[in-house]
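Let me begin by presenting the structure, written as structure tokens, before commenting on it.
In structure tokens:
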């Protein structure tokens, strides 16, 4: 539930953001960084007096181009001194989108890094180069998409998630790729019809970075079972499964820890996540964070003391440069304000204010939900057109990524559907204990039950179980296969040493696969 700013998290209080004596020097550096970012737009205009005989000139317009989620482009012209919110409103009006607070516009800077267009600042003060080219994207991923009011909002959220899956930003298992792909096909093509759909009717669609024939066959198999499901229902099912993924809505940033080891910092609705070697090694919920700041290229978080701790602690990270540090700092402020507060705090006023004046200026999630509840227009009609981004002709979009493993977290996804016909159920259990150093270590076990007749080839069933487990969890390697028949001696086979272990037991009527992972949370 959103809360007013209080002692549990004071990142949005002015005194917590570099306005105390403790952070005066840090504040000056933050302002210096902001001044460097805006140096191109702070030239003094000429003050030549205008002739009274001359008529006032028409406002200058600047052409812009916005790439939409279906890869179509929206072009136009906007007044030179307009703020970012004016352009965002123009794009949302073009898309007939009312629940627009979840979305934003991005642009690439001189370092080819993605930046969010600040709605409260003039566009020309943020764009250093011409032309003005933006991309329309989801900025805040709703934790519960079912609370969105309009189908058109859910449709654009689905498009964003499909792009995240294809680019590798949202890693999925084989099973999840197939399930989400089948819902996407149902939303775009409707019910399966043998007369309209050939044997390979999903071949042109792109669901995964490294798409296989086996995945396409599984998508078609699932799609044929959705007869009668409306496109809106298919998108709801898509979102209900996508929101459970560990990397859903996580904005990743490259960084180094205090030892100089490469890590990824992820910002999401719940807090700040730390990844190393594609595994989540720590997380800090928003209520646990007291203060966020940056100094030059260093990013700092002050942590509330734990139950058995007496003092606060500060953790620092090294970003590639000061712009990257400020970019991460702003993303943290925006996510905390949007998801945790009832209303945003106004920016500080006055000439004696120290530190950056940046504050999130849009509506919070609480305000957005309240405004959405007042929407009384008829459901807007829109066409769910197949995006070129997800077609085979644009397959290079997926090929640019190495298997889509960026920032992947080795945590089990909820078992949804098992590909093999003999797999009848899948269960996941977790055992948590406290180890040396105060870390909470979680052992995750996934067990897949395989059923079959007496004449089932147990070796084949065993191989399928191992293959399925590896497909679902590519970050984990099989190290041990344990065959335990009720009337046969136990056989152990080591495949490859690693921290992850899969043990498979097989009998006449069933075989089970168990996957273990050591993961510090």
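Residue numbers (the numbering used here): 2 to 522.
For each residue, glycine too, the CB sits at the ideal point set by N, CA and C.
Keep in mind that this is a model prediction, so the values were computed, not measured.
Contact between the region 365-385 and the region 90-107 is established, with three or more Cβ pairs separated by less than 8 Å. Between residue 62 and residue 144, the alpha-carbon positions lie close to 38 Å from each other. The DSSP-derived three-state label of residue 254 is strand. When rounded, the separation of the alpha-carbon atoms in residue 204 and residue 219 is 12 Å. Cβ neighbours of residue 233 within its own chain (closer than 6 Å, five residues either side excluded): 152. With respect to the C-alpha of residue 250, the residue from 365, 142, 221, 215 having the closest C-alpha is 142. Its chain contains 68, 107 as the residues whose beta carbon lies nearer than 6 Å to that of residue 136, once the 5 sequence neighbours on both sides are disregarded; these appear in chain order. For the 8 Å CB-CB criterion, residue 325 and residue 298 form a contact.
Around the Cβ of residue 199, a 10 Å sphere holds fewer than 16 other Cβ atoms; the residue is exposed. In the DSSP assignment, residue 64 falls outside any alpha helix (DSSP H) and within the unbroken beta strand (DSSP E) covering 62-68. Restricting attention to alpha helix (DSSP H) runs no shorter than 4 residues, the region 275-360 encloses them at 323-341, ordered along the chain. Spatial neighbours of residue 364 in its own chain (CB-CB distance under 6 Å, excluding positions within 5 residues in sequence) are listed in chain order as 102. Residue 329 is positioned such that its CB atom lies no closer than 8 Å to that of residue 246.
Pairing residue 114 with residue 82, the inter-Cα distance amounts to about 24 Å. As summarised for the region 162-202, the continuous alpha helix (DSSP H) elements at least 4 residues long and confined to that stretch are 175-190, given in chain order. The beta-carbon distance between residue 302 and residue 273, rounded to whole angstroms, is 7 Å. This is short enough to meet the 8 Å contact definition. In the structure shown, residue 224 falls within a helical segment according to DSSP collapsed to helix, strand and coil. Annotated three-state conformation of residue 267 is strand, per DSSP. Leaving aside the five residues that flank residue 66 on each side, the residues in its chain whose CB is nearer than 6 Å to its CB run, in chain order, 74, 76, 134. Per the DSSP secondary-structure output, residue 142 pairs with nothing in a beta bridge. Residue 239: member of the alpha helix (DSSP H) spanning 232-243, first to last residue. Counting other Cβ atoms within 10 Å of its Cβ, residue 164 reaches 16 or more and is therefore classed as buried. Taken through DSSP and simplified to helix, strand or coil, residue 125 comes out as helix. Contact between residue 184 and residue 239 holds: their C-beta atoms lie close to 4 Å from each other, under 8 Å. Linking residue 71 to residue 285 through their CA atoms gives a straight-line distance of about 35 Å. In the structure shown, residue 363 falls within a coil segment according to DSSP collapsed to helix, strand and coil. With a cutoff of 8 Å on beta-carbon distance, residue 216 and residue 175 are scored as near each other.
Boundaries of the beta strand (DSSP E) around residue 106: 104-109. Taking a 10 Å sphere around the C-beta of residue 254, we find 16 or more other C-beta atoms and assign the residue as buried. Taking 8 Å as the upper bound for CB-CB distance, residue 296 and residue 257 are not in contact here, some 15 Å apart. DSSP, reduced to helix, strand and coil, places residue 95 within a helical segment of the structure shown. Counting the other Cβ atoms within 10 Å of the Cβ of residue 130 gives fewer than 16, which makes it exposed. With respect to the C-alpha of residue 221, the residue from 210, 236, 248, 191 having the closest C-alpha is 191.
Taken through DSSP and simplified to helix, strand or coil, residue 149 comes out as coil.
By the neighbour-count criterion, in which 16 or more other beta carbons inside 10 Å mark a residue as buried, residue 195 falls on the exposed side.
If you look at residue 262, you'll find it isn't in any beta strand (DSSP E); DSSP assigns it neither H nor E.
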